[in-house]
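Residue numbers (the working numbering): 20 to 427.
Some notes on the structure that comes next.
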């Protein structure tokens, strides 16, 4: 198990992930990130493996075989760390003709047990991560002020079941059969022709199929998130027990809402994107915070505009402020009107959104993000058939002389 030790000081440069034992072609890894608002000059900074008595130090900007600081021309760019920027460090490899060439890598082995300290130019420790009994492929990720182990590059079923902070989620997935049906490597689900899933896969360039094996993206609520949800769902101040949670008739729908099509990495999803969940295609809206945070919103959905082109095109045509779009629910049935997500009328103020405490955990059949909220499925609105067309197909219609609809 990994230690849950994390130490913070005034500096905002922190360990984000350590992979002590690589597996399946993946090498040992150390990731640090500047979580502050200002750039940091890393000259003179170091990472020290305090579990080793000697030959245990990495210096930013370069070092030599004697583990002493020495400027290396290839490493000049490894000293300026901008806000929200990450450095990913791999083991040192001198052979420039090798695909593993890594002149700015660390020279010590991480191994089964270990403790790393991040030290500033004054040799003061500003962060620390420890682990014990690391298995191949087990990475420790920062989760708030703790570090938590996750099994990487296995199937999502294995990653979820082995995670110490996802116990309730794993039990719920197992009780509903979702764990094996969707998240086990190699399993495929059948979908109907002309269903929302068929249309979405066609739009993603994966048409012509009747079965889907993944990849999937899972927004996994932590145990703490489930405990809060069980408290909210209880009657008269009572908290649901796990048995009562697993007996909820709507549990399967709730869980399916946390699984979306495709492999959606945090860095590849644009702000205010709507991802289609396995709960009938209901949207999960994804937002990025000003400080690099990654959020999910369960009540920010596009009620399709009453035309042939849809919300994305209406937003592009700058129609969002027109009365027929922003109708306060008169025809749309939504207080924020049609196209609330595409038009940027949703926010993550208060507790409306769940935050990803850990994100981008790779698996063999998708990617896992750990969130601090159990989301309740958003309303699902069926889009008119013509709105499933690609932007290029819509533009071709316009170029052929058609006029875009402007609503009522």
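Even for Gly, the Cβ is constructed at its ideal location relative to N, Cα and C.
{"Query": "Can you give the Cα-Cα distance for residue 400 and residue 354, rounded to whole angstroms?", "Result": "15 Å"}
{"Query": "With a threshold of 8 Å, are at least 3 pairs of Cβ atoms found where one atom belongs to the region 385-402 and the other to the region 309-325?", "Result": "yes"}
{"Query": "Counting pairs of beta carbons, one from the region 39-56 and one from the region 118-133, are three or more of them closer than 8 Å?", "Result": "yes"}
{"Query": "Helix, strand or coil for residue 410, going by three-state DSSP, please let me know.", "Result": "helix"}
{"Query": "Could you tell me the distance, in whole angstroms, from the CA atom of residue 366 to the CA atom of residue 134?", "Result": "40 Å"}
{"Query": "Identify, in the order they occur along the chain, each residue of the same chain with its Cβ nearer than 7 Å to the Cβ of residue 416, setting aside the five sequence neighbours on each side.", "Result": "none"}
{"Query": "Would you mind giving the Cβ-Cβ distance between residue 12 and residue 273, rounded to the nearest angstrom? I have them listed as a contact below 8 Å.", "Result": "With the chain represented from 20 up to 427, any question about residue 12 goes unanswered, as that position is not in the structure."}
{"Query": "Spell out the partners DSSP gives residue 170 in its beta bridges.", "Result": "157"}
{"Query": "In terms of residue numbering, what span does the alpha helix (DSSP H) encompassing residue 222 cover?", "Result": "215-222"}
{"Query": "I need the DSSP call for residue 355, collapsed to helix, strand or coil.", "Result": "coil"}
{"Query": "Any contact between the region 318-328 and the region 336-352? By contact I mean 3 or more CB pairs, one from each, below 8 Å.", "Result": "yes"}
{"Query": "Name the two residues that bound the continuous beta strand (DSSP E) containing residue 304.", "Result": "302-307"}
{"Query": "Check whether the region 53-63 touches the region 93-111, counting contact only when three or more Cβ pairs, one atom from each stretch, lie closer than 8 Å.", "Result": "yes"}
{"Query": "Between 63, 86, 81 and 238, which lies nearest to residue 71 when the distance is taken from Cα to Cα?", "Result": "86"}
{"Query": "Threshold first: 4 residues or longer. Then list the alpha helix (DSSP H) segments lying entirely within the region 187-273, N to C.", "Result": "197-202, 215-222, 242-251 and 261-265"}
{"Query": "Let me check you understand the geometry: is the CB of residue 330 closer than 6 Å to at least one non-hydrogen atom of the ligand SAM?", "Result": "Of ligands this structure carries none, so the ligand SAM is not represented either."}
{"Query": "If you follow the beta strand (DSSP E) that residue 292 is in, where does it begin and where does it stop?", "Result": "292-295"}
{"Query": "CB residue 153 to CB residue 40, shorter than 7 Å?", "Result": "yes"}
{"Query": "Using 10 angstroms around the beta-carbon of residue 301, count the other beta-carbons present and answer buried if the total reaches 16, otherwise exposed.", "Result": "buried"}
{"Query": "Apart from the five residues just before and just after residue 238, which ones in its own chain have a Cβ nearer than 6 Å to its Cβ?", "Result": "277, 315, 388 and 390"}
{"Query": "Could you please give me the residues that DSSP links to residue 381 through a beta bridge?", "Result": "386"}
{"Query": "Whether or not the region 168-181 and the region 369-382 are in contact is what I'm after, with contact meaning three or more pairs of Cβ atoms, one per stretch, closer than 8 Å; do they touch?", "Result": "yes"}
{"Query": "Can you check whether the CB of residue 120 is closer than 7 Å to the CB of residue 112?", "Result": "yes"}
{"Query": "Report, in whole angstroms, the separation of the C-beta atoms of residue 328 and residue 372, which I expect to be a contact under 8 Å.", "Result": "Their Cβ separation, rounded to whole angstroms, is 28 Å, which puts residue 328 and residue 372 out of contact at 8 Å."}
{"Query": "If you draw a straight line from the C-alpha of residue 189 to the C-alpha of residue 196, how long is it?", "Result": "11 Å"}
{"Query": "When you compare the CB positions of residue 122 and residue 91, do they come within less than 7 Å of one another, or not?", "Result": "yes"}
{"Query": "Quick one: give me the first and last residue of the alpha helix (DSSP H) that residue 178 is part of.", "Result": "175-181"}
{"Query": "DSSP on residue 298, reduced to helix/strand/coil?", "Result": "coil"}
{"Query": "If you draw a straight line from the alpha carbon of residue 334 to that of residue 374, how long is it in whole angstroms?", "Result": "26 Å"}
{"Query": "Just checking my contact of residue 362 with residue 339 at CB under 8 Å: how many whole Å lie between their CB atoms?", "Result": "4 Å"}
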